[in-house]
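Visitor: Protein chains in written order, with my numbering: chain A, 1 to 245; chain B, 246 to 496; chain C, 497 to 1144.
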Amino acid sequence: MATVTTQQAGQSAGANPGPKRQPNTGRFGSSVFKKAVMAVTGIIFVLYLIAHMVGNLKAFAGAETFNSYSEFLRELGEPILPRLTVLTIIRIVLLVAVAAHIWAAFSLWKQAKRARPIAYQTKKRVQQSYASRTMRWGGVILILFIIWHILDLTLGAVNPAGRDSLPYGRLVEGFQNPVVTIWYAVALIALGMHIRHGVWSATQTLGHSNKRRERALNVFATAFAVVLIGGYLLIPFSVLFGIID
Amino acid sequence: MKLTLRVWRQPSPQVKGKMANYHLTDVSEDMSFLEMLDVLNEQLILDGEDPIAFDHDCREGICGSCGLMINGIAHGPEQTTTCQLHMRSFSDGDTIDIEPWRSGGFPVVKDLVVDRSAFDRIISAGGFISAPTGTAPDAHANPVPKVDADAAFDAATCIGCGACVAACPNGSAMLFTAAKVTHLGLLPQGQPERDSRVVKMVAQQDAEDFGGCTNIGECSAVCPKGISMETISRLNHDLLGALRANAVPTS
Amino acid sequence: MALELFLEGDPIADTKAPTDVPIGERWSERKFRGKLVNPANRRKMTIIIVGTGLAGGAAAATLAEAGYHVKSFWFQDSPRRAHSIAAQGGINAAKNYRNDGDSVHRLFYDTVKGGDFRSRENNVHRLAEVSTQIIDQCVAQGVPFAREYGGLLDNRSFGGAQVSRTFYARGQTGQQLLIGAYQAFERQVAAGTIETHSRTEMLDLVVVDGKARGIVVRDLVTGEVTTHVGDAVVLGTGGYSNVYYLSTNAKGSNTTAIWRAHKRGAYFANPCYTQIHPTCIPVSGDYQSKLTLMSESLRNDGRVWVPKERGDTRPPQDIPEDERDYYLERKYPAFGNLVPRDIASRQAKNVCDEGRGVGPGGLGVYLDFAEAIERLGRKTVEAKYGNLFDMYARITGEDPYSAPMRIYPAVHYTMGGLWVDYDLQSTIPGLFVIGEANFSDHGANRLGASALMQGLSDGYFVLPNTITDYLSAAPFEKVPADHPAILEAEAGVKAQVEKFLSINGTRTVASFHRELGRLVWDYCGMERTAEGLRKALDRIPELRKEFWTNVKVAGDAHTFNQNLEHAARVADFIELAELMCIDALAREESCGGHFRAESQTPEGEALRNDEEFAYVAAWGWTPEGEPPVLHKEELNYEYVHLAQRSYK
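#1: Go to N266 (chain B), then tell me how far its alpha helix (DSSP H) extends in each direction, as first and last residue.
#2: So, with DSSP's three-state summary, where would you put K531 (chain C)?
#3: Tell me whether A765 (chain C) sits in a helix, a strand or coil according to DSSP, three-state version.
#4: Near G309 (chain B), which residues of its chain fall below 7 Å by C-beta distance, leaving aside the five closest residues on each side in sequence?
#5: Can you tell me which of the three DSSP states S1086 (chain C) falls into?
#6: Determine whether the beta carbon atoms of F1069 (chain C) and V739 (chain C) lie at a separation below 7 Å.
#7: Would you please verify whether the beta carbon of E475 (chain B) is less than 7 Å from any beta carbon of chain C?
#8: Determine the direct distance from the alpha carbon of A728 (chain C) to that of Q449 (chain B), and round the result to whole angstroms.
#9: Pick from A:V40, A:S70 and A:A190: whose alpha carbon is nearest that of L206 (chain A)?
#10: Where does A384 (chain B) sit, in a helix, a strand or coil, going by DSSP?
#11: If you draw a straight line from the C-alpha of R215 (chain A) to the C-alpha of Q128 (chain A), how long is it?
#12: Counting only C-beta atoms, is S496 (chain B) closer than 7 Å to chain C at any point?
#13: What are the start and end residues of each continuous beta strand (DSSP E) run of 3 or more residues lying completely inside the segment 892–978 of chain C, in chain order?
#14: Quick one: which chain B residues come within Cβ less than 7 Å of G748 (chain C)?
#15: Could you pull out every unbroken alpha helix (DSSP H) segment of at least 4 residues lying fully inside the segment 275–347 of chain B, listed in chain order?
#16: Going by the DSSP bridge assignment, what does R714 (chain C) pair with across the sheet?
#17: Would you mind working out which of C:E1134, C:Y1135, C:V907 and C:E1120 sits nearest F502 (chain C), comparing C-alpha positions?
#18: Quick check on Q7 (chain A) - is its C-beta less than 7 Å from some C-beta in chain B?
#19: For N1059 (chain C), which three-state DSSP category applies?
#20: Which parts of the segment 49–90 of chain A are runs of the alpha helix (DSSP H), unbroken and 4 residues or longer, counting only runs that do not cross its ends?
#21: For S841 (chain C) versus V626 (chain C), is the C-beta distance shorter than 7 Å?
#22: Is the shortest distance between the beta-carbon of A686 (chain C) and the beta-carbons of chain B less than 7 Å?
#23: With which residues is P803 (chain C) paired in a DSSP beta bridge?
#24: Just the Cα atoms here: how many angstroms apart are G1089 (chain C) and G860 (chain C)?
#25: Name, going along the chain, the residues of the segment 629–645 of chain C whose beta-carbon falls closer than 7 Å to a beta-carbon of chain B.
#26: By the three-class DSSP mapping on this structure, what secondary structure does F145 (chain A) have?
#27: Ordered along the chain, which non-local residues of its own chain (more than five positions away) have a Cβ less than 6 Å from that of N387 (chain B)?
#28: Of the residues that make up the segment 653–667 of chain C, which ones have a beta carbon closer than 9 Å to any beta carbon in chain B?
#29: In or out: G646 (chain C) buried (at least 16 other Cβ within 10 Å) or exposed?
#30: What residues from the segment 126–144 of chain A come within 7 Å of chain B, judged by C-beta to C-beta, listed N to C?
#31: Note down the Cα distance separating I229 (chain A) from A131 (chain A), rounded to an integer number of angstroms.
#32: Drop a sphere of 10 angstroms on the beta-carbon of N534 (chain C), count the other beta-carbons inside from all chains shown, and report buried for 16 or more, exposed for fewer.
#33: By how many angstroms is the C-alpha of K211 (chain A) removed from the C-alpha of V219 (chain A)?
#34: Starting from the beta carbon of H579 (chain C), find every residue of chain B whose beta carbon is closer than 8 Å, and list them in chain order.
#35: If you drop the 5 nearest sequence neighbours on each side, which residues of the same chain put their C-beta closer than 7 Å to that of G14 (chain A)?
#36: Give the range of the beta strand (DSSP E) segment to which Y1111 (chain C) is assigned.
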């Protein structure tokens, strides 16, 4: 039997099935837009983390300074604004940013899973850093850590000093337990790696990297992550070794 | 030299594949990797077995047809195309794993052959300058700064082999897409369609079961033409610019 | 002479070029005299285009832009893989941007002369005229040609031309031009005007009432055989260098489309005109699958030599200066190592035939940079040739900075192809042939940087303007699916596939291809003799017979089967090889790439015989067992005077 394809216009034939879904040129569908959401929210976290780290170092100045700093954060903006206003705004911004960051991350994760339905039997790394490879699971660990951290030091719910304690007391009692300190250290190192790749990645995603800057950016990202996380790690280990008590 | 090959065999897209072992003796180190497979295939044919299907054509590193995952690295241990890889990069007694590119956007056709028509559709979505034949002004009407022309050329050397997708932990085709966006975006002729081009091409790459880019850099590290990550930065810049300018195509 | 090998038929002539006006006006005059197609009618017409290289891709894009419905077919996975992509050097155009005396007429003159006076003046002049538009078109598409600091296009002199008219994009001009055409093509795919058929191979031409109306194709993935019908068929399927098995062509390049069209009645012109490139990386073993070309520019600084003594196996560094034979410098003191391609190639063959070749199998000569490195310093040599040295080192594993390179000639272009008239229409009405697949513009020898020019000229500018004259009578009557011509062609294709799978002999397809290649290389390669050609003509029919009774093809017809594809291509190469040898035997003169040992000057140079052989040999197919029929197209030179080339 002869099969004649005649003069009809049309796309493709045979082994050329075409994509399974329609291209979405809308803003929210674009993987690059999702990346940009991650970059911008990531920058918010980084700015917050810098401030948080600087604030933490007040622990070296003693209980009174530390506790009053904590109180200051709640009074920030007074008397123009009622107590807790600024802090609440910061918390809302952070929460929205966390939600957006996670939404984008999961959305891209889902896309990546679809992109490799069958895994390689053998796959080697050529260039990728450990940090870049662990962004996703690292991110999951971080969100668990942040929840724990808030329950522990912000609310005191899981802290040995209890809910009604003062921040400095929670800090000292918590980190005197080596298990807690090690858990914080592990999470902070994960955070450091997340930031190391995140800083480089955000620059690239927002279109401000190029061949000349690439090396410098990577060195900066590493140095920044080391300094930031070093600053954070000082506190728990100082408590553990009795420098802060 | 003697080699053991572990090769992905999959008779057709519908059938599940698996790795099969082959032993080769008398492999010359001057053979190219594909010639080594030719020799194996000749033997398989004479033994009444089905030869291993793999894509190849020019065998001089420019057509982009060949592409195998060799010991877990796209195009193997040297940063070149599979056809330009020679057996002297391996040692006597080695076991070599050979797999096809694995990506949702590159369904397996047979054995090591995949369907890369998704790349054509990404180009079709906007990877061109609309210049119908006969409409062109004199070639010297628009001077192009040499730095831009050279950078455009560097991006335009992409051969569309798909190693970037194969190597990317996310299975992303962003390096391929970005190379074209960069090539055309750097030239004055490419400006009128610059915004809509990047929006449509990225949308197409996302629709083709390729992943998103997370700036890991495996793609560039295995690219036989050394296309730089800078092109992805440029794509991101162009896309965000297009979104800010609200250049979302209506149709 | 060889009366039993072929018959002489009626002469043939091109009737489309308006020779009643001066040569500079013929192209515009032809465009004016040819009929046009109303834009509203174009979308009712289907044009089938096979091949997506520079010619096929450009033609598909342009005709689709014009409003025709185009169906495009190619055997690779993507239209961007066509072998045009591998061209390195550049593309000529008579822009005269250098103000160095170039003009359309000079490009025309150089090309006719370079073709050793075996091409058509009218076609070549049109090529030179159109060349300037090609550059404009490509730049508008975004082809990143090399530029100077002022932002204007750079040019270089290429292949010994006295003017700088070659435009280039580093060593990847073919790639950049093809990507330009491919992008224009994909733009039309998006617009819905091109229907695409990837991994689909044309296996027959459907001729209805004397007109080419369709093609029979096989889907290489599913094995399905189907027929596609249209108003005209265009073949842009490239050259047939792979008849030699080892060539610089891509592994898939083949003659099947044009050969099967030939068997349906299209004349095949000048099949013996093949071009051999002198600087390729030599064969390293039996497993060799292809040859890699290295730019001719290497001969600007490298010195070619072999040992004076035959069978000298010492490493090159141990051979003292006075025991080396710098044979090109010795024989051609004026041009030395820079003699044209055909001469450099033939001399390399001669010294190897004398047993003085070097490297595995004695098939190679040294290309030595020791003197250049000493004179210019390693740095300068590296800057000039670094990428080529790297490529050589990667392929051979040898370091060309410390030991001389080994080079050997390889086939890389075929000037012959299907006969076409000025409109690029073959002897079958409605069948158009473009690019390397036709014979039209290069005569007996192609100049460097002219192939890209011809492919794009045919595709962008010539065919879209000439095909309208034929299509003005279209759309033609529909061809029903059960038309006898379709049934017969499809049945033939299916029978051939089944036949291959049923022979189940003891030799692989590749082993036949290798033997055929060796045979054609030895007897219809760089130097041809009546005796050798007769030997080949004795052996080829035997080989064909053995092929059809003893080949072993693996796999089945319903899945992707590369071995089966190869079998069909080799079957056609065997038949083509026979015609090449007959053509070479009939042409008892030397011209361009065709060197008959019997026809040389006392100094051993090619000697043309314009009295008897200033014609195009257009061959008609006859059923197997019958000798082919030679139709001569007389070549007239009104504007260029016949002269003998000399490079002493």
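The C-beta atom is built at its ideal place from N, Cα and C for all residues, glycine as well.
Note that the coordinates shown come from a computational prediction; the quantities given were computed from them, not determined experimentally.
Guide: Judging by the given coordinates:
#1: Translated into the one-based positions of the second sequence, residue 266 (chain B) becomes position 21. Note, N266 (chain B): premise wrong, no alpha helix (DSSP H); beta strand (DSSP E) at K263 to L269.
#2: Here residue 531 (chain C) refers to the residue found at position 35 of the third sequence. The answer is coil: DSSP assigns K531 (chain C) none of H, G, I, E or B.
#3: Looking up residue 765 (chain C) in the third sequence gives position 269. Reduced to three states, the DSSP call for A765 (chain C) is strand.
#4: As a position in the second sequence, residue 309 (chain B) is number 64, starting the count at 1. Within the same chain, G309 (chain B) has close Cβ partners I404, G405 and C406.
#5: Looking up residue 1086 (chain C) in the third sequence gives position 590. Three-state DSSP puts S1086 (chain C) in coil, outside helix and strand.
#6: Along the third sequence, one-based indexing puts residue 1069 (chain C) at 573. Along the third sequence, one-based indexing puts residue 739 (chain C) at 243. Taking 7 Å as the Cβ cut-off, F1069 (chain C) and V739 (chain C) qualify as a contacting pair.
#7: Position 230 of the second sequence, counting from 1, holds the residue named residue 475 (chain B). No, E475 (chain B) lies away from the interface with chain C (no Cβ there is under 7 Å from its Cβ).
#8: Mapped onto the second sequence, residue 449 (chain B) falls at position 204. Mapped onto the third sequence, residue 728 (chain C) falls at position 232. Going by the C-alpha atoms only, they are around 33 Å apart.
#9: For the purposes of this step, residue 206 (chain A) is taken as residue 206 along the first sequence, with counting starting at 1. Ranking A:V40, A:S70 and A:A190 by Cα distance to L206 (chain A) puts A:V40 first.
#10: The residue labelled residue 384 (chain B) in the question sits at position 139 within the second sequence. Of the three classes helix, strand and coil, the one that applies to A384 (chain B) here is coil, per DSSP.
#11: Here residue 215 (chain A) corresponds to residue number 215 of the first sequence, with the count starting at 1. Here residue 128 (chain A) corresponds to residue number 128 of the first sequence, with the count starting at 1. The straight-line gap from Cα to Cα measures roughly 14 Å.
#12: Residue 496 (chain B) sits at position 251 when you count from the first residue of the second sequence. With a pLDDT of 49 at S496 (chain B), under the threshold of 50, the predicted position of this residue should be treated as unreliable, though the coordinate-derived value follows. Taking Cβ atoms only, chain C never reaches closer than 7 Å to S496 (chain B), which makes this a no.
#13: 901–910 and 927–929
#14: Within the third sequence, residue 748 (chain C) is the residue found at index 252, counting from 1. Residues of chain B passing the Cβ test: D302.
#15: 278–291
#16: Position 218 of the third sequence, counting from 1, holds the residue named residue 714 (chain C). C:E697 and C:V721, per the DSSP bridge assignment.
#17: Here residue 502 (chain C) corresponds to residue number 6 of the third sequence, with the count starting at 1. Ranking the options by Cα distance to F502 (chain C), first place goes to C:E1120.
#18: By one-based count along the first sequence, residue 7 (chain A) stands at place 7. Low confidence applies to Q7 (chain A): its pLDDT is 37, below 50, so where it sits in the model is not reliable enough to give any reading.
#19: Translated into positions along the third sequence, residue 1059 (chain C) becomes position 563. Helix.
#20: 63–75
#21: Residue 841 (chain C) sits at position 345 when you count from the first residue of the third sequence. Residue 626 (chain C) sits at position 130 when you count from the first residue of the third sequence. No, the pair does not count as a contact, with Cβ atoms beyond the cut-off.
#22: Numbered from 1 along the third sequence, position 190 holds the residue referred to as residue 686 (chain C). At least one chain B Cβ lies under 7 Å of A686 (chain C).
#23: As a position in the third sequence, residue 803 (chain C) is number 307, starting the count at 1. BP columns for P803 (chain C) point to C:R820.
#24: Counting from 1 along the third sequence, the entry for residue 1089 (chain C) is found at position 593. Counting from 1 along the third sequence, the entry for residue 860 (chain C) is found at position 364. Rounded to the nearest angstrom, the two C-alpha atoms are 20 Å apart.
#25: I631, D632, Q633, V635, A636, Q637, G638, P640, R643, E644 and Y645
#26: Locating residue 145 (chain A) in the first sequence gives position 145, counting from the first residue. Residue state, collapsed to three classes: helix.
#27: Working through the second sequence from its first residue, we reach residue 387 (chain B) at position 142. Once the five neighbours on either side are set aside, the close Cβ partners of N387 (chain B) are P433.
#28: F663, A665 and R666
#29: For the purposes of this step, residue 646 (chain C) is identified with residue 150 of the third sequence, where counting begins at 1. Looking at its Cβ environment, which holds fewer than 16 other Cβ atoms inside 10 Å, G646 (chain C) is exposed.
#30: V126, Q127, Q128, S132, R133 and M135
#31: Walking along the first sequence from the start, residue 229 (chain A) turns up at place 229. Walking along the first sequence from the start, residue 131 (chain A) turns up at place 131. Between I229 (chain A) and A131 (chain A), the C-alpha separation is close to 14 Å.
#32: Position 38 of the third sequence, counting from 1, holds the residue named residue 534 (chain C). The residue is exposed, with fewer than 16 neighbouring Cβ atoms inside 10 Å.
#33: For the purposes of this step, residue 219 (chain A) is taken as the residue at position 219 of the first sequence. For the purposes of this step, residue 211 (chain A) is taken as the residue at position 211 of the first sequence. Their Cα atoms are separated by approximately 14 Å.
#34: Here residue 579 (chain C) is taken as the residue at index 83 of the third sequence, counted from 1. Here the neighbours are D302, C303 and C308.
#35: Translated into the one-based positions of the first sequence, residue 14 (chain A) becomes position 14. Note on G14 (chain A): pLDDT 41, under 50, position unreliable in the model; the coordinate value appears next. The answer is none, since no qualifying residue turns up.
#36: For the purposes of this step, residue 1111 (chain C) is taken as residue 615 along the third sequence, with counting starting at 1. Taken as a continuous stretch (DSSP letters only), the beta strand (DSSP E) holding Y1111 (chain C) covers Y1111 to G1116.
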